[in-house]
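Colleague:
Numbering (our numbering), first residue to last: 1 to 206.
Rendered as structure tokens:
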């Protein structure tokens with residue numbers, strides 16, 4: 001009787017221990033599964049999915065590329081312009097005056113001109129600041145070829161001004177070679193002097 005009761009008690013205790021063991025095992029399995037699931041979830045969040053689509057970043061816009069590309073260097077067309085500068089030579093003679101109403105040599109106004117020294121002459125003119133005393137009457141002046149004994153053709157200038165006026169003759173024909181030229185002047189009213197200031201010959205070379 002006592003053995004049968006003891007056997008029943010031991011059987012119940014064994015069953016209870018087995019139930020507790022099974023319960024513990026199930027609980028441990030639950031915790032293990034939960035931990036593994038959590039770790040897998042974290043790993044999935046950290047690692048991108050193999051099927052994830054990676055969108056390619058488009059290149060810079062065509063406008064930006066065009067802006068970056070250097071512009072072609074402009075072509076430079078070189079043009080040669082040849083300028084032939086004319087040379088002007090001034091030959092000073094001087095100043096003087098006269099009351100004579102016929103052409104008279106003005107004292108000291110004499111110069112030697114050798115056309116051979118100037119090469120190709122384009123033109124020559126006679127220039128002077130001329131005026132007549134008090135602006136009365138009219139005065140005249142000219143270049144005279146003393147060597148050949150005749151006026152330099154087209155060299156006559158004139159004025160009725162009471163103040164010096166720079167006056168230029170037409171183109172003067174200078175005789176070839178070395179010649180001596182004088183300045184002559186006259187006034188149509190002998191009471192009023194004819195004045196010639198800063199007379200000169202201007203030669204323009206080709």
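For glycine and all other residues, C-beta sits at the position ideal for the given N, C-alpha and C.
With residue 210 as the anchor, note down where its beta strand (DSSP E) starts and where it stops.
Modeller: Because the chain spans 1 through 206 in this model, residue 210 falls outside it and cannot be assessed.
Colleague: Please list, in chain order, all residues of the same chain as residue 135 whose beta carbon is under 6 Å from its beta carbon, the five residues on each side excluded.
Modeller: So the list reads 162, once near-sequence residues are dropped.
Colleague: Any beta-carbon of chain D closer than 8 Å to the one on residue 128?
Modeller: In the structure shown, chain D does not exist; there is a single protein chain.
Colleague: Is the CB-CB distance between residue 131 and residue 164 below 8 Å?
Modeller: Yes, Cβ-Cβ distance for residue 131 and residue 164 is below 8 Å.
Colleague: Considering Cα atoms alone, identify which of 127, 112, 5, 109 is closest to residue 158.
Modeller: Of 127, 112, 5, 109, the residue nearest in Cα terms is 127.
Colleague: Let's test the definition: count the other Cβ atoms within 10 Å of the Cβ of residue 11 and tell me whether it reaches 16, buried, or not, exposed.
Modeller: Result: exposed.
Colleague: Just to confirm my understanding: we take residue 189, look at its own chain, exclude 5 residues before and 5 after, and list those with CB closer than 7 Å. What are they?
Modeller: Correct list, in chain order: 136, 137.
Colleague: When DSSP labels each residue in this structure, what does residue 31 get in the three-state scheme?
Modeller: Residue 31: helix per DSSP, three-state reduction.
Colleague: Taking the alpha-carbon positions, what's the residue 150 to residue 111 distance?
Modeller: Each residue's alpha carbon lies about 15 Å from the other.
Colleague: What's the C-alpha gap between residue 196 and residue 143?
Modeller: One C-alpha to the other measures close to 12 Å.
Colleague: My assumption, with CB atoms under 8 Å, is that residue 154 sits in contact with residue 171. Please give the rounded CB distance.
Modeller: 6 Å between Cβ atoms; contact.
Colleague: Let me make sure I understand the geometry here. Which of 129, 16, 100 has the alpha-carbon closest to that of residue 166?
Modeller: The shortest C-alpha separation from residue 166 is found at 129.
Colleague: When you compare only the Cα positions, how much space is there between residue 212 and residue 107?
Modeller: Coverage of the chain is limited to positions 1 through 206, which leaves residue 212 absent and any answer about it impossible.
Colleague: Anyone know if the C-beta pair for residue 200 and residue 113 falls short of 8 Å?
Modeller: No, they are not a contact pair.
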